[in-house]
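**Q** Take a look at this one; I'll ask things after.
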DNA sequence: TGTCTAATTAGATAGTTGTCGAATTAATGG
DNA sequence: CCATTAATTCGACAACTATCTAATTAGACA
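Structure below.
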């Protein structure tokens, strides 16, 4: 979603169009004249802005009036300020394996866990996903481990315990580190 | 430079990189491994993010640590909320004055300075251009001034001095701020 | 000095996106 | 229905961007 938003605004013509629309509603013809592009081109840009939820369409007769969607703009710009939100972007990889597709059902838009299923079969890919958020070859304090987990789910105790039980994380003298995937249980 | 900001974020790889960097500082190698791209590619993306002021570079030995620039992010996302700002986008026209055309010869495609001419007559429009990259109504630390200059030219000392000599920038107690254009010398 | 490592820059290529003219759809009114 | 007007969709081409490998730069160290 966020990517679509940025793509929509990452072109001078579209920024200009949005600027005009922000001032008041405009028809396609008007916009084409104002930005010196042909109507099909403008139509194409407007479709992208609309797809991103930035403008809305009101039809009267056969002229189309495009107006600004304030809500989208304020919602998205606000979400940029939330640090967690931003970090969640890192996990935006296209899902491939069936595990990944399964996982998708348990993740929110912003890369947090919605729930933790009861069956072991479903829990394993989730733990793998979580374990991969730890870097290999460094140690973590317990506080850091908790922090890393809590960025994805509030129940740090359960997940810390499970990660260790599945040999994804190891602990010694209060220090933690990630174990190689080859040895993971599950 | 709102367009630059959006362009920088309008690509999945760069969003991912920014997400990783938001969590903590990373080196180019780390990032390349994490997003599964080659180092030159990552380097290229980082340059764009840096150009947009979204990340900063801290060099230690010969590894480069990239970190998040919270300020830029919050400043720009806030400016999206300001309606006026948005409407102003409509007026983004290509430059045409004779100064602007002169300036064009000294700028690279990506908006950096190729050279700094010897004659005062030619130097003035360049300094004006540079000074406009500072915001009015806020103060900058010396580090921030350097960073802003270096985004356009490596010789921060010369330009900092010249900006002050032409009364475009003022300094007091180690803080800098932009002066109104009406008072600029040249 | 020479070597090693990390990063950047250059150059090539493949993929994506912006723009246009032509053809098509949709609404309105004789 | 047919003509008119506004908008969208289609197909082609040009411009731009992402990515790679190879070459270069810069720091550390011995």
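Protein chains in written order, with the working numbering: chain A, 227 to 412; chain B, 227 to 412. Backbone N, C-alpha and C fix where the C-beta goes; we use that ideal spot for every residue, glycine too. All values derive from a computational prediction rather than experimental measurement.
Quick one: what does DSSP say residue 293(B) is sitting in, helix, strand or coil?
**A** Counted from its first residue, the second chain places residue 293(B) at position 67. Note: residue 293(B) maps to strand in three-state DSSP.
**Q** Only counting the same chain, and skipping five residues up and downstream in sequence, which positions put a Cβ closer than 7 Å to that of residue 290(A)?
**A** As a working note, residue 290(A) is residue 64 in the first chain. Here the set comprises 253, 254, 283.
**Q** Under 8 Å, Cβ to Cβ, is there at least one residue of chain A near residue 295(B)?
**A** The residue labelled residue 295(B) in the question sits at position 69 within the second chain. Chain A contact via Cβ: absent.
**Q** Assign residue 398(B) to one of three DSSP states: helix, strand, or coil.
**A** Here residue 398(B) refers to the residue found at position 172 of the second chain. Strand, per DSSP.
**Q** Looking at the structure shown, is residue 304(B) part of a helix, part of a strand, or coil, going by DSSP?
**A** By 1-based counting over the second chain, the position of residue 304(B) is 78. It is helical.
**Q** Between residue 306(B) and residue 303(A), is the Cβ-Cβ spacing less than 8 Å?
**A** Translated into the one-based positions of the second chain, residue 306(B) becomes position 80. Translated into the one-based positions of the first chain, residue 303(A) becomes position 77. Against a cut-off of 8 Å, the Cβ pair of residue 303(A) and residue 306(B) comes out as a contact.
**Q** State the Cα-Cα distance for the pair residue 352(B) and residue 370(B), rounded to the nearest angstrom.
**A** For the purposes of this step, residue 352(B) is identified with residue 126 of the second chain, where counting begins at 1. For the purposes of this step, residue 370(B) is identified with residue 144 of the second chain, where counting begins at 1. So the alpha carbons of these two residues sit roughly 20 Å apart.
**Q** Restricting to Cα atoms, I'd like to know which of 329(A), 346(A), 347(A) is closest to residue 339(A).
**A** Within the first chain, numbered from 1, the residue matching residue 339(A) stands at position 113. Looking at the Cα atoms, 329(A) is the closest of the given residues.
**Q** DSSP beta-bridge partners for residue 366(A)?
**A** In the first chain, residue 366(A) corresponds to position 140, counting from 1. Bridge partners of residue 366(A): 402(A).
**Q** Which ranges does the beta strand (DSSP E) cover as unbroken runs of at least 3 residues, wholly within the region 231-267 of chain B, from first to last along the chain?
**A** Here no run is fully enclosed.
**Q** So, is the C-beta of residue 264(B) closer than 8 Å to a C-beta in chain A?
**A** Locating residue 264(B) in the second chain gives position 38, where the first residue counts as 1. It does not: the Cβ of residue 264(B) has no partner Cβ on chain A nearer than 8 Å.
**Q** Identify whether residue 371(B) lies in helix, strand or coil by the three-state DSSP scheme.
**A** Along the second chain, one-based indexing puts residue 371(B) at 145. Helix, per DSSP.
**Q** What's the gap between the Cα of residue 390(B) and the Cα of residue 240(B)?
**A** The residue you call residue 390(B) lines up with position 164 of the second chain. The residue you call residue 240(B) lines up with position 14 of the second chain. Those two C-alpha atoms are separated by around 36 Å.
**Q** Could you please give the first and the last residue of the uninterrupted alpha helix (DSSP H) stretch that includes residue 346(B)?
**A** Within the second chain, residue 346(B) is the residue found at index 120, counting from 1. Start and end: 346-357.
**Q** Under a CB-based cut-off of 8 Å, is residue 303(A) close to chain B?
**A** The sequence position of residue 303(A) within the first chain is 77, counting from 1. Chain B contact via Cβ: present.
**Q** Does DSSP classify residue 408(B) as helix, strand or coil?
**A** Numbered from its first residue, the second chain carries residue 408(B) at position 182. In this structure, residue 408(B) counts as helix in the three-state DSSP scheme.
**Q** Looking at residue 374(A) and residue 401(A), is the spacing between their C-beta atoms short of 8 Å?
**A** Here the question's residue 401(A) lines up with position 175 in the first chain. Here the question's residue 374(A) lines up with position 148 in the first chain. Not a contact, by the Cβ cut-off of 8 Å.
**Q** I'd like the list of long-range same chain contacts for residue 415(A), defined as Cβ closer than 7 Å, with 5 residues on each side in sequence excluded.
**A** Nothing can be reported for residue 415(A), as the shown portion of chain A is limited to 227 through 412.
**Q** Out of 407(A), 411(A), 398(A), state which residue places its alpha-carbon closest to the alpha-carbon of residue 347(A).
**A** Along the first chain, one-based indexing puts residue 347(A) at 121. Of the candidates 407(A), 411(A), 398(A), the one whose C-alpha sits nearest the C-alpha of residue 347(A) is 411(A).
**Q** Report the residues of the region 242-272 of chain A with a CB closer than 7 Å to any CB of chain B, ordered along the chain.
**A** Result list: 242, 244, 245, 246, 248, 249.
**Q** Got a sec: which bits of the region 347-369 of chain A sit with their beta carbon under 7 Å from any beta carbon on chain B, in order along the chain?
**A** Answer in chain order: no residues at all.
**Q** Since residue 393(B) meets chain A, which of its residues come closer than 7 Å, beta carbon to beta carbon?
**A** Sequence index remark: in the second chain, residue 393(B) carries index 167 (1-based). Here the premise fails: no neighbours, minimum Cβ distance about 32 Å.
**Q** Report the neighbours of residue 232(A) on chain B: residues whose CB is nearer than 7 Å to its CB, in chain order.
**A** By one-based count along the first chain, residue 232(A) stands at place 6. Here the neighbours are 232, 235, 236.
**Q** Any beta-carbon of chain A closer than 8 Å to the one on residue 280(B)?
**A** Position 54 of the second chain, counting from 1, holds the residue named residue 280(B). So no, residue 280(B) is outside the interface.
**Q** Does any C-beta atom of chain A lie closer than 8 Å to the C-beta of residue 405(B)?
**A** Here residue 405(B) refers to the residue found at position 179 when the second chain is read from its first residue. So no, residue 405(B) is outside the interface.
**Q** Quick check on the burial criterion: 16 or more other C-beta atoms within 10 angstroms. Buried or exposed for residue 394(A)?
**A** Looking up residue 394(A) in the first chain gives position 168. Buried, since its Cβ has 16 or more Cβ neighbours within 10 Å.
**Q** Would you call the CB atoms of residue 232(B) and residue 258(A) closer than 8 Å?
**A** Your numbering for residue 232(B) matches position 6 in the second chain. Your numbering for residue 258(A) matches position 32 in the first chain. It is not a contact, given that the beta carbons lie outside the stated cut-off.
**Q** Under 8 Å between C-beta atoms, does residue 339(A) make it to chain B?
**A** The residue you call residue 339(A) lines up with position 113 of the first chain. It does not: the Cβ of residue 339(A) has no partner Cβ on chain B nearer than 8 Å.
**Q** Buried or exposed: where does residue 357(A) fall if 16 or more other Cβ atoms within 10 Å of its Cβ makes it buried?
**A** For the purposes of this step, residue 357(A) is taken as residue 131 along the first chain, with counting starting at 1. Classification of residue 357(A): buried, given that the 10 Å Cβ count is 16 or more.
**Q** Going along chain B, which residues have a C-beta under 9 Å from residue 228(A)?
**A** The count along the first chain starts at 1 and reaches residue 228(A) at position 2. Going along chain B in sequence order, the residues near residue 228(A) (Cβ under 9 Å) are 235, 241.
**Q** Please say whether residue 272(B) and residue 295(B) have beta carbons closer to each other than 8 Å?
**A** Residue 295(B) sits at position 69 when you count from the first residue of the second chain. Residue 272(B) sits at position 46 when you count from the first residue of the second chain. The answer is no: Cβ separation not under 8 Å.
**Q** Along the alpha helix (DSSP H) that carries residue 389(A), what are the first and last residues, could you check?
**A** The count along the first chain starts at 1 and reaches residue 389(A) at position 163. Note, residue 389(A): alpha helix (DSSP H), 382-391.
**Q** Residue 380(A): which of 342(A), 359(A), 350(A) sits nearest, CA to CA?
**A** What you label residue 380(A) is simply residue 154 of the first chain in a count that begins at 1. Nearest of 342(A), 359(A), 350(A) to residue 380(A), Cα basis: 342(A).
**Q** Please state whether the Cβ-Cβ distance between residue 244(A) and residue 275(A) is less than 8 Å.
**A** Counting from one through the first chain, the residue named residue 244(A) turns up at place 18. Counting from one through the first chain, the residue named residue 275(A) turns up at place 49. Yes; because the gap between Cβ atoms is below 8 Å, this pair is in contact.
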